[in-house]
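Taken in sequence, the protein lines are chains A and B. Counting in numbering that gives the first Met the number 0, the first sequence runs from 0 upward without gaps. Counting in numbering that gives the first Met the number 0, the second sequence runs from 0 upward without gaps. Let me begin by presenting the structure, written as structure tokens, before commenting on it.
2 protein chains.
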Amino acid sequence: MALTNNLVNPLLTDKYQLTAAYAYWKNRMHEVPAVFELFFRKCPFGGEFAICAGLGEALEFINAFRFTPEHIGAVRAVLPPDCDPEFFDWLSTVDGSCLKIRAVREGSVVFPRVPLLQVEGPLAVCQLVETTLLNLINYPSLVATNAARFRFAAGPRKWLIEFGLRRAQGPDGAVSASRYSYLGGFDSTSNVLASHLFGIPCSGTHPHAFVASFSGLGELFTDSLVALNGQYYDFVPRVLENLKGMKQLFDISSTNEGELAAFIAYAQAFPHGFLALVDTYDTLGSGVPNFLAVALALASLGYSPVGVRLDSGDLAKLSRIVRSMFCKVGERFGRDFGKLPIVASNEIDEKVLYELNRQGHSIDSFGIGTRLVTCWEQPAFGAVYKLVEIRGSPRFKMSEERGKATLPGKKYPHRLLDRNGHPLMDVLTNEVHPLELYRRENSEWHMMAGGPLRCRDPFDATKRFSVEVASSVPLLEYVWDGDFCPDARHPDVMIRSYVREQLAIFGEEHLRPLNPTPYPVTVLDSYYHSLQWLWQQQLPPREIQ
Amino acid sequence: MALTNNLVNPLLTDKYQLTAAYAYWKNRMHEVPAVFELFFRKCPFGGEFAICAGLGEALEFINAFRFTPEHIGAVRAVLPPDCDPEFFDWLSTVDGSCLKIRAVREGSVVFPRVPLLQVEGPLAVCQLVETTLLNLINYPSLVATNAARFRFAAGPRKWLIEFGLRRAQGPDGAVSASRYSYLGGFDSTSNVLASHLFGIPCSGTHPHAFVASFSGLGELFTDSLVALNGQYYDFVPRVLENLKGMKQLFDISSTNEGELAAFIAYAQAFPHGFLALVDTYDTLGSGVPNFLAVALALASLGYSPVGVRLDSGDLAKLSRIVRSMFCKVGERFGRDFGKLPIVASNEIDEKVLYELNRQGHSIDSFGIGTRLVTCWEQPAFGAVYKLVEIRGSPRFKMSEERGKATLPGKKYPHRLLDRNGHPLMDVLTNEVHPLELYRRENSEWHMMAGGPLRCRDPFDATKRFSVEVASSVPLLEYVWDGDFCPDARHPDVMIRSYVREQLAIFGEEHLRPLNPTPYPVTVLDSYYHSLQWLWQQQLPPREIQ
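What follows is the structure, encoded as structure tokens:
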């Protein structure tokens with residue numbers, strides 16, 4: 000693997016990271032050991048879960064992180080001209096080998112306040128990678144989460160195709176959308192580049208323009224088609240014969256001839272892949288009868304037609320009518336057309352999926368673009384990256400808003416499980432092996448089972464928990480230790496099944512769109528008391544006059 | 000110039016463009032002359048205007064458009080294995096030299112249904128560039144329009160900084176956001192790479208982590224600072240003396256010492272650029288007094304402190320109080336602090352800008368990230384690319400929804416102006432020199448002035464106009480004729496002023512957020528009649544049984 004995008008380099012950062020690095024350097028603090036954590040405060044889309052994604056690309060960035068002479072020149076250009084030139088000498092020696100990174104596994108189901116990434120290293124270097132890491136994790140996590148929500152809405156058996164390239168926020172927004180929608184539960188993409196780069200199955204039929212480019216049967220290059228048995232057959236006459244049957248069956252006087260020609264040409268090009276877009280002129284009055292005339296001719300030559308795509312109109316109703324037309328024709332002509340796939344597209348989003356389910360439909364596959372890839376309902380994921388420890392002592396930020404306050408200290412998050420392996424809550428502590436969760440035996444630490452565990456909401460003093468834990472799993476693992484850690488990288492297809500498995504475990508209560516149950520994230524009692532003490536020590540009561 | 004992003008190549012397309020190209024090729028239609036138009040149907044953000052951007056990058060794509068052997072391999076992989084291998088031979092000869100493109104000027108104020116780009120050339124090649132062109136124009140136009148709206152809300156005198164890198168939809172979303180926000184009216188970006196690539200001014204102070212990384216004055220490397228006159232001075236003692244004054248003046252018992260140390264270190268690093276982020280612990284009780292103590296010390300050494308940034312809380316109220324504190328300190332200590340800039344950030348969007356104006360504030364500059372770059376209010380621009388002509392005869396698509404129907408034929412849009420050069424409406428025709436707008440003299444065509452012009456809404460038969468035109472401007476110009484046309488490319492900074500000039504001409508009625516006046520886009524009477532005829536000819540009345 001390598002970086003996907005040439006724009007990902009040390010200059011893909013905010014200027015204030017460079018000014019901060021310079022000021023650290025100037026104050027001889029640039030190599031002080033520090034810990035930063037990346038986390039988010041609120042689940043996107045009004046939901047109660049998120050999928051963490053983008054870590055693979057983030058590590059590729061760390062691996063490639065160094066300032067070339069061109070980069071140094073660009074940094075000089077944005078800093079004041081009187082900056083000490085020795086800073087740039089130092090900057091040109093910096094790379095990712097001085098960093099250690101722990102992270103949740105790519106594709107993990109994650110919750111607010113739990114660190115997704117923990118970066119340890121020299122203060123200034125940790126600072127210099129902040130913006131790029133956020134950029135590389137925010138959007139992938141957002142779109143993977145969105146895809147998981149769409150998948151939940153569509154149900155497990157529908158084929159979901161990502162279609163968003165043309166409306167995505169830039170080329171990279173598109174390619175990332177394809178990659179992380181697939182991780183989040185989609186089955187394929189229309190994006191050829193993403194398919195090529197990440198091995199995602201690629202789907203597509205033909206555009207409206209293909210249909211509109213034909214005006215009549217005279218534009219067909221040939222009347223014939225090689226049948227599956229290898230023999231040439233007259234194809235167009237068969238189609239026309241079938242069309243007569245369709246007109247009679249459906250009581251239609253005429254269909255659009257250009258459309259019919261387009262379908263014939265497409266079937267001649269892809270006899271094994273005849274999926275027709277049927278809404279260019281009139282779905283029921285022209286598109287579907289034309290499709291069926293061609294499909295019957297294909298079937299008579301031994302091919303299996305694929306199906307139709309609806310791209311406008313009342314999708315639920317149209318799909319039901321189209322299904323009944325398929326059944327009728329199948330019965331009349333002795334073909335197994337009743338289950339031909341119907342693909343639907345046209346501004347489909349989570350709400351539309353639920354609404355189509357409610358109305359009842361016969362759609363087998365959804366092509367989803369704009370609303371998925373731009374994450375229409377909430378186009379940004381709010382992950383932040385905060386200093387939590389410096390020289391081994393905890394740090395935090397209070398801000399004017401409690402919601403923006405950070406939890407001080409390097410944290411060790413665990414996921415607590417019940418006897419069935421079902422997650423109960425995530426708990427944060429600032430000890431590697433908190434005695435509540437570990438016991439020591441023969442100088443080795445063992446995770447403890449059982450026993451009620453006392454923990455609390457970090458901000459709300461009234462919310463206390465006593466949890467019967469069967470087992471617990473540490474959520475962060477080393478993924479980078481000056482270099483890639485073994486097993487830190489998984490193929491996308493494995494991550495995709497990991498996402499699916501976890502979502503199945505968390506289940507409907509946290510995943511549903513309406514009033515989902517919040518999954519608790521708490522702190523161990525011991526950590527709670529230390530952070531209360533720290534906040535109070537650093538912040539005197541505000542004086543009101 | 001060259002392509003900004005390595006992901007922009009012929010594979011950045013939908014599979015259905017490749018299947019269509021193959022089916023055209025198979026039917027010997029691939030080189031039939033065709034015309035496609037790119038346009039949008041509805042202005043974004045509930046508004047009545049849009050800015051067209053991204054054309055420069057789109058032309059770079061056309062210029063670089065060719066299928067390398069790697070690309071051909073990827074195309075083979077997504078098409079069925081039984082495709083005719085000669086198709087790939089043809090595909091490897093394809094490039095942009097067979098295309099002609101007319102476009103509106105980059106940065107034009109544009110309206111629904113007006114073609115922004117018109118691509119002429121072999122049918123299959125026009126088809127193959129569709130998705131990439133849409134991707135390269137949709138997001139730039141969206142974010143430039145959003146930036147123009149934010150600028151309109153903030154007023155002409157505020158300094159607007161784009162801050163969105165960390166929350167943007169991918170690296171390219173970020174870099175494009177910086178570039179096209181600048182075009183749309185922003186003044187600078189925090190994005191170092193965008194600044195480097197496009198010459199956009201770069202802004203930034205320091206992050207919260209910089210403040211949080213200090214816990215006390217003992218962490219300062221030096222107490223001194225070289226004054227503007229070149230002499231070393233004790234700096235920290237001056238700051239502490241000033242802080243006493245601040246505490247007395249504002250009746251405060253203590254401020255956060257770590258924050259004070261951070262401000263001192265930052266001022267020592269950037270004595271000319273001391274802009275402090277003051278909300279890490281307590282804006283009024285700690286941040287601002289600490290800032291002022293350092294600012295007074297800097298001023299006493301001959302430097303001009305820059306100002307403060309507020310990133311949380313009640314921005315209008317805080318800015319007014321901070322302004323009064325600046326004035327009070329300025330007066331008391333004989334410094335010109337009353338006009339020190341106050342920068343505000345924190346989820347600012349168009350509505351917040353209007354609301355801050357209503358409340359009354361003392362903010363000089365806004366740092367705007369997430370809501371600008373993700374285009375939160377509407378994260379996609381709906382430009383489409385439709386076949387309008389083939390072998391010289393008009394084509395269209397009807398669809399199940401009237402709004403999705405297209406206007407057939409290659410179009411020649413003109414902007415009609417009144418005597419003051421003020422735009423009255425855009426009008427579409429399918430003639431190069433419609434007699435209503437041109438007269439011929441000595442075998443040359445001259446644009447006509449005066450005379451009432453008859454035009455109509457293309458879809459609503461009741462909407463007819465008689466327009467007193469003083470002059471008219473054709474909106475499309477050749478920008479690519481197998482190669483770049485001369486004068487097709489303008490530097491970003493020129494495009495930026497072009498945007499500003501046009502917005503000034505269009506004025507408040509079309510730009511305001513609430514109930515803006517729609518700008519009319521009509522068709523000439525002659526074109527209206529020909530397209531009614533075409534629609535009726537192609538579409539028999541729907542049969543209802």
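Cβ atoms here follow ideal geometry from the backbone N, Cα and C, with glycine treated the same way.
What residue ranges within the stretch 254–325 of chain B form continuous beta strand (DSSP E) runs of no fewer than 3 residues, ordered along the chain? 274–276, 306–309
Minimum C-alpha distance to Glu36(A) - residue among Ala1(A), Tyr15(A), Tyr526(A), Pro111(A): Pro111(A)
How many whole angstroms separate the CB atoms of Gly545(A) and Ser96(A), which I take to be in contact at a CB cut-off of 8 Å? The question about residue 545(A) has no answer here: the residues shown for chain A are numbered 0 through 544.
Could you name the residues of the stretch 201–226 of chain A whose beta carbon sits closer than 9 Å to any beta carbon of chain B, in the order they occur along the chain? Cys201, Ser202, Gly203, Thr204, His205, Pro206, His207, Ala208, Phe209, Val210, Ala211, Ser212, Phe213, Ser214, Glu218, Leu219, Phe220, Thr221
With a threshold of 8 Å between beta-carbons, can Ser91(B) be considered close to chain A, or not? no
Please classify Pro490(B): does DSSP put it in a helix, a strand, or coil? coil
Nearest by alpha-carbon distance to Ala146(A): which of Asp456(A), Asp363(A), Leu122(A), Cys51(A) is it? Cys51(A)
Enumerate in chain order the residues of its own chain whose CB-to-CB distance from Tyr518(A) is below 8 Å, with the five nearest sequence positions on each side excluded. Glu47, Phe48, Phe110, Pro422, Met424, Asp425, Phe505, His509
Using a 10 Å radius around the Cβ and a threshold of 16 neighbouring Cβ atoms, would you call Asn134(A) buried or exposed? buried
Who are the neighbours of Cys374(B) on chain A, taking C-beta pairs under 9 Å? Gln168, Thr373, Pro378
C-alpha gap between Leu6(B) and Thr3(A), whole angstroms: 8 Å
Figure out for me which residue from Ser442(A), Gly163(A), Leu224(A), Thr282(A) has the closest Cα to the Cα of His570(A). Residue 570(A) lies beyond the residue range present for chain A, which begins at 0 and ends at 544; the question has no answer from this structure.
Name the residues in the stretch 15–48 of chain B whose C-beta lies less than 9 Å from a C-beta of chain A; which are they? Tyr15, Gln16, Leu17, Thr18, Ala19, Tyr21, Ala22, Tyr23, Trp24, Lys25, Asn26, Arg27, Met28, Val31, Ala33, Phe35
Terminal residues of the alpha helix (DSSP H) in which Arg148(B) lies: 129–153
Which class does Glu119(B) belong to by DSSP, given the choice of helix, strand or coil? strand
Compare the beta carbon distance of Phe290(A) and Ala268(A) with 8 Å and say whether it is the shorter of the two. no
Mind listing the chain A neighbours of Ile389(B)? Cutoff is C-beta to C-beta under 7 Å, in chain order. Ser212
Within a Cβ cutoff of 7 Å, which residues of the same chain sit near Asn228(B), ignoring the five residues on either side of it in sequence? Gly301
What do you get for Thr92(A), buried or exposed, if any count of 16 or more other CB atoms within 10 angstroms of its CB means buried? exposed
Taking only the alpha-carbon atoms, compute the straight-line gap between Leu533(B) and Tyr280(A) and give it to the nearest angstrom. 13 Å
Flag Arg319(A) as yes if its beta-carbon sits less than 8 Å from any beta-carbon of chain B, otherwise no. no
Where Tyr437(B) meets chain A, residues with beta-carbon distance less than 9 Å: What Tyr437(B) touches in chain A: nothing, since even the nearest Cβ is about 30 Å away.
What are the boundary residues of the beta strand (DSSP E) that Trp158(A) is part of? 158–161
Who does Arg414(A) pair with in a DSSP beta bridge? Asp425(A), Val472(A)
Beta-ladder partner(s) of Tyr384(A), from DSSP: Leu37(A)
Since Val305(A) contacts Gly337(A) with CB under 8 Å, what's their CB separation in whole angstroms? Between Gly337(A) and Val305(A) the Cβ distance is about 14 Å, and since that is not below 8 Å, they are no contact.
Please find out if some non-hydrogen atom of the ligand MN comes closer than 7 Å to the beta-carbon of Tyr526(B). For the ligand MN, the structure offers nothing, since it holds no ligand at all.
Consult DSSP for Ala193(B) and reduce its assignment to one of helix, strand or coil. helix
Cα separation between Leu239(B) and Ala292(B)? 7 Å
Count the other C-beta atoms from every protein chain shown that fall within 10 angstroms of the C-beta of Ala1(B), then say buried if there are 16 or more, exposed otherwise. exposed
Let me know if Gly215(B) comes out buried or exposed under the rule of 16 or more other beta-carbons within 10 Å of its beta-carbon. exposed
Partners in chain B for Lys396(A), counting only beta-carbon separations shorter than 7 Å: His207, Ala211, Thr279
Please report how far the alpha carbon of Leu187(A) lies from the alpha carbon of Met28(B), in whole angstroms. Looking at the sequence shown, residue 187(A) is not Leu but Ser. Using only the alpha carbons, I get a separation of about 29 Å.
Any C-beta of chain B sitting closer than 8 Å to the C-beta of Thr130(A)? yes
Segment contact flag, the stretch 193–212 of chain B with the stretch 149–165 of chain A, C-beta cutoff 8 Å, min 3 pairs: no
Leaving out five residues on either side along the sequence, give the residues of the same chain with a beta carbon under 8 Å from the beta carbon of Gly391(A). Pro32
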